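J.: One structure, pasted below without further comment.
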Amino acid sequence: MSTASSQAFVLDFNASNQARKWSLATPSPSVPTNSVNRTTKAIRYFIASDGYSTTNSAAELNAVRASFGQWQSIPGTHLKFEEGGLVAPGIGINTSDTTNVVYWTKTTTMVNGGSSDFSGALGVAFSSFFSDNTMDQADIVLNGNLYSWATDFTNIASSSHFVEGVLLHEIGHLIGLIHSPVGTATMLSRGGAGISAQVGLSSDEVAAARSLYPSNGLAGSFGAVRGQVTKSGSPVFGAAVFAESATGNIVAGTVTLATGNYQLPFLPSGNYQIRVAPLDPNAGARLVSGPDISSSFGSADIGFLPTTNIPVTISAGVTNTLNAQVVNSTPAFRITS
Numbered sequence: 542m543s544t545a546s547s548q549a550f551v552l553d554f555n556a557s558n559q560a561r562k563w564s565l566a567t568p569s570p571s572v573p574t575n576s577v578n579r580t581t582k583a584i585r586y587f588i589a590s591d592g593y594s595t596t597n598s599a600a601e602l603n604a605v606r607a608s609f610g611q612w613q614s615i616p617g618t619h620l621k622f623e624e625g626g627l628v629a630p631g632i633g634i635n636t637s638d639t640t641n642v643v644y645w646t647k648t649t650t651m652v653n654g655g656s657s658d659f660s661g662a663l664g665v666a667f668s669s670f671f672s673d674n675t676m677d678q679a680d681i682v683l684n685g686n687l688y689s690w691a692t693d694f695t696n697i698a699s700s701s702h703f704v705e706g707v708l709l710h711e712i713g714h715l716i717g718l719i720h721s722p723v724g725t726a727t728m729l730s731r732g733g734a735g736i737s738a739q740v741g742l743s744s745d746e747v748a749a750a751r752s753l754y755p756s757n758g759l760a761g762s763f764g765a766v767r768g769q770v771t772k773s774g775s776p777v778f779g780a781a782v783f784a785e786s787a788t789g790n791i792v793a794g795t796v797t798l799a800t801g802n803y804q805l806p807f808l809p810s811g812n813y814q815i816r817v818a819p820l821d822p823n824a825g826a827r828l829v830s831g832p833d834i835s836s837s838f839g840s841a842d843i844g845f846l847p848t849t850n851i852p853v854t855i856s857a858g859v860t861n862t863l864n865a866q867v868v869n870s871t872p873a874f875r876i877t878s
């Protein structure tokens, strides 16, 4: 039996170590055809026709389409979307109605049949899936009740939330991702108003799409690094692991599983620095805590010192093994913003 490793980016594994994703190369006959087109092998989505506003709805609907287009345009994947059409206003979250929808709620933050209050969120993706973690349906709701929305990329002074930035994040959840520890990633748990780093997909999301939905033969064009993080001989759960390029940019990040294992796949060939750092306490000012990744990382071990940078050379088709031992202690300071 193989041992699962947390990937660069962060995937949602079940108890059998199966990552949550859509089956597109060979669509399941159990998945509704309004969710996945078995002929084109595309995830289908429908948009509520009223958008967010009465004056800018055409641009808002196009921003939804452009967000799906950004994910689909990642080279080296078979990830594909197609618009099924517009649906009448009044649609809601229902992951049993055989249809994937995107809409704004404008008068309430209670959704999902009144069972979910998302007042603290800009948007939420709800999904259903089978026991093997194959996704079945997914809906996305954007919070038009408490927040204002904009589509003009050139209006950098806008205090409204940019549709594509938030929707790119929610589509990341729709395809199977949870939150990333990388500060510039679209899948970071929080994003600011206006034009932020979430607007364009980072190298972390690109690697995620290639990992979940790879084109045939793609893996041989990239390298990887994997290993285990331990403290006093025991696995460290929820340690953040980052790969930094020779130019000083973070290109990938993940968190370790309960086994202490991690993997950073689909790295271009080159020289990198790997480092391990603790997540932040889940209180007050912080950058990323365990619960910010997901509720399953609420008990992440944050009681250790960051490592120094560990050099590694990545070559195409080669997976490097790099284990790290961390020291039990409290960091002298933390970056909170």
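So for the sequence shown, the numbering used here puts the first residue at 542; every next one is plus one. A virtual CB, placed ideally from N, CA and C, is assigned to each residue, including glycine. Small disclaimer: the values here were computed from a predicted structure and weren't measured.
1) According to DSSP, residue 772 sits in a beta bridge with which residue or residues?
2) Flag this pair as touching only if the segment 557-574 and the segment 596-610 have three or more C-beta atom pairs under 8 Å; answer yes or no.
3) Is residue 603 helix, strand or coil by DSSP?
4) Decide if the segment 582-599 is in contact with the segment 622-638; the criterion is three or more beta carbon pairs, one per stretch, under 8 Å apart.
5) By DSSP, does residue 709 sit in helix, in strand, or in coil?
6) For residue 818, collect the residues of the same chain with a Cβ closer than 6 Å to its Cβ; drop the 5 residues on either side in sequence, then sort them by chain order.
7) Who pairs with residue 669 in a beta bridge, going by DSSP?
8) Evaluate residue 857 with the Cβ neighbour count: other Cβ atoms within 10 Å of its Cβ, from every protein chain shown; 16 or more gives buried, anything less gives exposed.
9) Give me the Cα-Cα distance between residue 756 and residue 773, rounded to the nearest whole angstrom.
10) Sort 665, 804, 868, 724 by Cα distance to residue 828 and report the nearest one.
11) Which residue from 850, 636, 843, 745 puts its Cα closest to that of residue 804?
12) Measure how close the beta-carbons of residue 550 and residue 721 come, nearest whole angstrom, since I'm counting them as under 8 Å.
13) Just checking my contact of residue 801 with residue 560 at CB under 8 Å: how many whole Å lie between their CB atoms?
14) Can the beta-carbon of residue 747 be found closer than 8 Å to that of residue 584?
15) In chain order, what residues of the same chain lie with their CB nearer than 6 Å to the CB of residue 711, ignoring the 5 residues before and after it?
16) According to DSSP, simplified to helix, strand and coil, what is residue 846?
17) Around the Cβ of residue 790, are there at least 16 other Cβ atoms within 10 angstroms (buried) or fewer (exposed)?
18) For residue 645, name the three-state secondary structure that DSSP assigns.
19) Does the distance from the C-beta atom of residue 792 to that of residue 784 stay below 8 Å?
20) Let's see if you can read the secondary structure: which residues bound the alpha helix (DSSP H) around residue 752?
21) How is residue 853 classed by DSSP in three states: helix, strand or coil?
22) Classify residue 545 as helix, strand or coil using the three-state DSSP reduction.
23) Is the CB-CB distance between residue 845 and residue 859 below 8 Å?
24) What did DSSP end up calling residue 498 once you bin it into helix, strand or coil?
25) For the candidate residues 554, 644, 806, whose alpha-carbon lies nearest to that of residue 598?
T.: According to the data block:
1) On the sequence shown, residue 772 is found 231 positions in, with the first residue counted as 1. DSSP, once it has assigned bridges, lists 775, 867 as partnering residue 772.
2) no
3) Taking the first residue of the sequence shown as position 1, residue 603 is located at position 62. Helix at residue 603.
4) yes
5) Position 168 of the sequence shown, counted from the first residue, corresponds to residue 709. Helix.
6) For the purposes of this step, residue 818 is taken as residue 277 along the sequence shown, with counting starting at 1. The answer, listed in chain order, is 781, 847.
7) Taking the sequence shown and counting its residues from 1, the one referred to as residue 669 is at position 128. Partner(s): 678.
8) For the purposes of this step, residue 857 is taken as the residue at position 316 of the sequence shown. Counting Cβ neighbours within 10 Å, residue 857 comes out exposed, since fewer than 16 surround it.
9) In the sequence shown, the residue the question calls residue 756 occupies position 215. In the sequence shown, the residue the question calls residue 773 occupies position 232. The straight-line gap from Cα to Cα measures roughly 41 Å.
10) Mapped onto the sequence shown, residue 828 falls at position 287. Closest option to residue 828, Cα to Cα, is 724.
11) For the purposes of this step, residue 804 is taken as residue 263 along the sequence shown, with counting starting at 1. Of 850, 636, 843, 745, the residue nearest in Cα terms is 745.
12) Here residue 550 corresponds to residue number 9 of the sequence shown, with the count starting at 1. Here residue 721 corresponds to residue number 180 of the sequence shown, with the count starting at 1. Contact flag correct, Cβ pair sits at about 6 Å.
13) The count along the sequence shown starts at 1 and reaches residue 801 at position 260. The count along the sequence shown starts at 1 and reaches residue 560 at position 19. In fact, because the Cβ distance is near 18 Å, the residues do not count as touching under 8 Å.
14) Residue 747 sits at position 206 when you count from the first residue of the sequence shown. Residue 584 sits at position 43 when you count from the first residue of the sequence shown. No, the Cβ-Cβ distance between residue 747 and residue 584 is not below 8 Å.
15) Taking the sequence shown and counting its residues from 1, the one referred to as residue 711 is at position 170. 664, 666, 681, listed in sequence order.
16) Reading the sequence shown from its first residue, position 305 is the one you call residue 846. Of the three classes helix, strand and coil, the one that applies to residue 846 here is coil, per DSSP.
17) For this step, residue 790 is matched to residue 249 along the sequence shown. Flag for residue 790 reads exposed.
18) Stepping through the sequence shown from its first residue, residue 645 is reached at position 104. Residue 645 falls in the strand class under three-state DSSP.
19) Residue numbering aside, residue 792 sits at position 251 when the sequence shown is read from its first letter. Residue numbering aside, residue 784 sits at position 243 when the sequence shown is read from its first letter. Yes.
20) To locate residue 752, count along the sequence shown from 1; it is residue 211. Residues 744-753.
21) Your numbering for residue 853 matches position 312 in the sequence shown. Here residue 853 sits in strand by DSSP.
22) If you number the sequence shown from 1, residue 545 lands on position 4. Because the pLDDT of residue 545 is 45, which lies under 50, any placement of that residue in the model is unreliable, and the number read from its coordinates should be weighed accordingly. It is coil, neither helix nor strand.
23) Numbered from its first residue, the sequence shown carries residue 845 at position 304. Numbered from its first residue, the sequence shown carries residue 859 at position 318. Against a cut-off of 8 Å, the Cβ pair of residue 859 and residue 845 comes out as no contact.
24) As shown, the chain starts at 542 and ends at 878. That puts residue 498 outside it, with no answer to give.
25) Residue 598 sits at position 57 when you count from the first residue of the sequence shown. Checked all of 554, 644, 806; the closest Cα to residue 598 is 644.
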